[in-house]
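With the first letter of the sequence shown counted as 1, position 56 gets the number 56 in the working numbering; the numbers rise by one all the way through.
The C-beta atom is built at its ideal place from N, Cα and C for all residues, glycine as well.
Quantities reported herein were computed from a predicted structural model and do not represent experimental measurements.
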Amino acid sequence: MAGILIIAHAPLATALRDCIAHIYGGVPARIGCIDVQADSDPTQVMAFAHAELARLKEENGAIVLTDMYGATPANIAGQLAKIDNVRVLAGVNLPMLVRAVCYRTVPLDKLVDKALSGGAKGVHEVAAGTPPPPSEIGCGECAPIPPEPRPRTESP
Numbered sequence: 001m002a003g004i005l006i007i008a009h010a011p012l013a014t015a016l017r018d019c020i021a022h023i024y025g026g027v028p029a030r031i032g033c034i035d036v037q038a039d040s041d042p043t044q045v046m047a048f049a050h051a052e053l054a055r056l057k058e059e060n061g062a063i064v065l066t067d068m069y070g071a072t073p074a075n076i077a078g079q080l081a082k083i084d085n086v087r088v089l090a091g092v093n094l095p096m097l098v099r100a101v102c103y104r105t106v107p108l109d110k111l112v113d114k115a116l117s118g119g120a121k122g123v124h125e126v127a128a129g130t131p132p133p134p135s136e137i138g139c140g141e142c143a144p145i146p147p148e149p150r151p152r153t154e155s156p
């Protein structure tokens with residue numbers, strides 16, 4: 001299962017992770033986020049990103065999703081693309097992230113294709129009379145992914 005790291009302008013990365021938690025009833029395993037603040041030191045963020053990626057990356061790699069191509073978070077994320085089995089996509093939106101979560105058990109190249117198509121297919125103009133989307137637009141073929149287990153606490 002591929003790890004997923006979201007690197008974006010604050011508070012977008014956390015907000016996207018929270019949306020996934022809302023959809024799945026908890027944060028699925030191996031999903032991390034880094035909110036880049038306006039006053040963040042890119043060198044420190046890069047070091048943290050490397051550590052997070054090492055924690056999240058699994059046998060079929062990891063995908064890094066970032067918000068705006070050319071901005072600081074994307075530039076940091078782009079450096080991670082030098083790591084074997086790591087792919088970086090800019091322009092993250094919730095449909096892209098949902099698709100990435102749904103398909104993270106497939107090979108990395110197919111995961112990238114699915115995430116990109118999910119992001120593109122999720123952008124629409126919605127007018128007053130626009131009918132709801134057909135059910136096949138969703139990610140219905142994906143099995144629900146359970147949330148990451150919480151550590152047990154011992155009672156005194």
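Environment of residue i [buried if 16+ CB atoms lie within 10 Å]
i, result
"Thr66", "buried"
"Val36", "buried"
"Ala143", "Annotation note: pLDDT 46 at Ala143 (below 50); position unreliable, no value reported."
"Lys121", "exposed"
"Cys19", "exposed"
"Ala74", "buried"
"Pro132", "exposed"
"Val112", "buried"
"Lys114", "buried"
Residue i, DSSP secondary structure in three states
i, result
"Glu59", "coil"
"Arg17", "helix"
"Ala127", "coil"
"Asp35", "strand"
"Ala71", "coil"
"Gly122", "coil"
"Val157", "Outside the displayed span of the chain (1 to 156) sits residue 157, for which this structure offers no information."
"Pro95", "helix"
Option in the options with minimal Cα separation from residue i
i, options, result
"Gly91", "Val64, Leu108, Arg30 and Ile31", "Val64"
"Gly78", "Asp109, Asp113, Ala49 and Ala120", "Ala49"
"Gln44", "Arg87, Ala127, Ile76 and Asp113", "Ile76"
"Glu116", "Arg104, Val27, Val126 and Glu125", "It is worth fixing the name first, because residue 116 is Leu in this sequence and not Glu. Of the candidates Arg104, Val27, Val126 and Glu125, the one whose C-alpha sits nearest the C-alpha of Leu116 is Arg104."
"Asn60", "Leu53, Gly25 and Val106", "Val106"
"Ile83", "Tyr24, Met46 and Pro28", "Met46"
Beta-carbon contacts of residue i that lie in its chain and below 6 Å, excluding the five residues immediately before and after
i, result
"Cys33", "Ile6, Ala13, Thr14 and Arg17"
"Ile4", "Ile31, Ile63 and Ala100"
"Gly118", "Pro95, Met96 and Arg99"
Rounded Cβ spacing between residue i and residue j (contact assumed at less than 8 Å)
i, j, result
"Thr72", "Pro42", "6 Å"
"Ala2", "Leu108", "6 Å"
Contacts around residue i, its chain only, beta-carbon distance under 7 Å, and the 5 residues preceding and following it disregarded
i, result
"Val88", "Val64, Thr66, Ala77, Gly78, Leu80 and Ala81"
Own chain residues within Cβ distance below 8 Å of residue i, not counting five before or after
i, result
"Val86", "Leu53, Lys57, Gly61, Ala62, Ile63, Val64 and Leu80"
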